[in-house]
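If you want my numbering, it's the 1-based position in the sequence shown plus 3.
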Amino acid sequence: MASVAVAQRPIAIPVSDTLPWLISAAVVGLLLYYFVGIDQGATSVFGNNMMIHELVHDGRHFLGFPCH
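Take a look at the structure:
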């Protein structure tokens with residue numbers, strides 16, 4: 004019995020459907036990059052404490068960002 008390979012055509016996805024997802028992913032990625040890599044406590048959520056800074060402190064060292 005001979006098998007025939009059927010070529011599958013890729014599904015075309017319009018850019019207008021994916022653009023909002025791409026923009027949202029870019030914004031979330033930039034926010035994560037900022038909070039992990041750049042923020043040194045400047046964006047304190049609750050007054051003077053450094054909650055976000057301490058939350059991502061170990062990840063900052065693991066990713067090679069300088070701290071302090």
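Note that the Cβ used here is the ideal one computed from N, Cα and C, for glycine as well.
With a 10 Å radius around the Cβ and a threshold of 16 neighbouring Cβ atoms, Val59 comes out buried.
When DSSP states are grouped into helix, strand and coil, Pro13 belongs to the coil group. Taking a C-beta distance under 9 Å as the contact criterion, Gly32 and Leu66 do not qualify as a contact pair. By the C-beta density criterion, Ile55 is buried, having at least 16 other C-beta atoms within 10 angstroms. Within the model, the alpha-carbon separation for Ala15 versus Leu22 is close to 14 Å.
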